[in-house]
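Take a look at the structure below.
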Ligand code: DSN
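Residue numbers (this note's numbering): 249 to 681.
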């Protein structure tokens, strides 16, 4: 199934020793190869990134930082971590990079631990409006041990700014609560972020500015979305979304004092041994992102998102905020049918081989486990070489499934089979890297 001979050989090896595990990996490989991945936070890594994760770097404990480890034998781990740091700094135009966070949430936690005391206030966008759970959700560490205050989106449907960041309201909330930290950067926000404007507000209210660019990191690295530097004091990100690296996190800053606090907060504050195999793969991914082809990929990702949003709008769906500037969009399903939920749409589409996630839309009348929306993104399909023409095809396939689902279970069963065959075809033409 895989076009990657090394992956095939490795699977053969695993099969000889452990057929049960090999069978599960093979099934997942087939699932990825034959389905259209529209989850905005997922991507397909290159063989080089994949095999760096599977390398001998996994065998080593390297607690500490390069040149100051708590274990012997770290000479090559210092080299690889240095290289990852240097490439991250070059890619994002900053002076310090901590490449050790196991995830984006760990990266955010380290920043909170470094800069806030328990009970301190910070200001962010609510999860239900497009934020992230580590930006102040009540049952997350960020909402349990700190005091989140939230800024809203523009709420007037008659305004051209409807469902976009209301910067005047950000300022008002910040001036009222005087948070120590102001957060921007989101998980489900389709518009360009004005980092300079956020910095003005942070300066006025006496806060530090943190940009969590987990979703848009690849766009930023490629220069197709404005950079949070030099505006943000701290930038966090994941490495596996638009950036197309291994699963992991990254923290960056230009501030010589902040970096010391952040490094200590991450290790030994909240993490032990770094995942050196993942750091090796991060170095490979950052190297790929420094190549000119990466910029072309990110430009295509945005063009594909625009095309998908336009095609779905033409089919009667509403795209929140009226469209997208980046790699993702939030589809409001309500105009298609008042009864249609995100849960139903996600399940129906998955059966047809189109993988999405239900997502609340701003002011969603339904709870988060049901929702009235879908979040769609184009990073993974763009990695497969798809273009706007295929986005148009995908929009039609989505609509065929949803129309059938709204009609009857029998029609849905029949159309699911037809669309599944079309999806398999499309995936064969646009194979995985
Ligand atoms: N869970 C991620 C996403 O899907 O956007 C955010 O970390």
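A virtual CB, placed ideally from N, CA and C, is assigned to each residue, including glycine.
Quantities reported herein were computed from a predicted structural model and do not represent experimental measurements.
DSSP places residue 450 in the uninterrupted alpha helix (DSSP H) bounded by 443-453. Rounded to the nearest whole angstrom, the C-alpha separation of residue 666 and residue 422 is 53 Å. Shortest gap from the CB of residue 463 to any heavy atom of the ligand DSN: under 7 Å. The DSSP-derived three-state label of residue 568 is helix. If you draw a 10 Å sphere on the C-beta of residue 659, you find fewer than 16 other C-beta atoms in it, and that means exposed. For the pair residue 627 and residue 489, the CB atoms are nearer than the 8 Å cut-off. DSSP places residue 472 outside any beta strand (DSSP E), giving it a letter other than H or E. Around the beta carbon of residue 601, a 10 Å sphere encloses 16 or more other beta carbons of the protein chains shown; the residue is thus reported as buried.
By the criterion of a C-beta distance shorter than 7 Å, residue 519 is surrounded in its chain by 348, 350, 354, once the five residues flanking it on both sides are discounted. Membership of residue 432 in the beta strand (DSSP E) is indicated by the continuous run 429-432. Secondary structure note for residue 260: its alpha helix (DSSP H) is the uninterrupted segment 253-265.
In this structure, the beta-carbon distance from residue 636 to residue 292 does not fall below 8 Å.
Contact annotation, residue 283 with residue 492: C-beta distance approximately 18 Å; criterion of less than 8 Å not satisfied. For residue 401, there is no enclosing alpha helix (DSSP H), as DSSP marks it with neither H nor E.
Residue 581 has its alpha-carbon roughly 48 Å from the corresponding atom of residue 311. By the 16-neighbour rule on beta-carbons within 10 angstroms, residue 466 is buried. Beta-bridge analysis with DSSP links residue 395 to 369. Cβ contact annotation for residue 564 (same chain, cutoff 7 Å, sequence separation greater than five): 583, 584, in chain order. Spanning the alpha carbons of residue 538 and residue 495 requires a straight line of approximately 19 Å.
The Cβ atoms of residue 396 and residue 378 lie no closer than 8 Å to each other. Annotation for residue 579: 560, 565, 567, 621, 622, 624 place their beta carbon closer than 7 Å to its own, counting only its chain and skipping 5 residues before and after.
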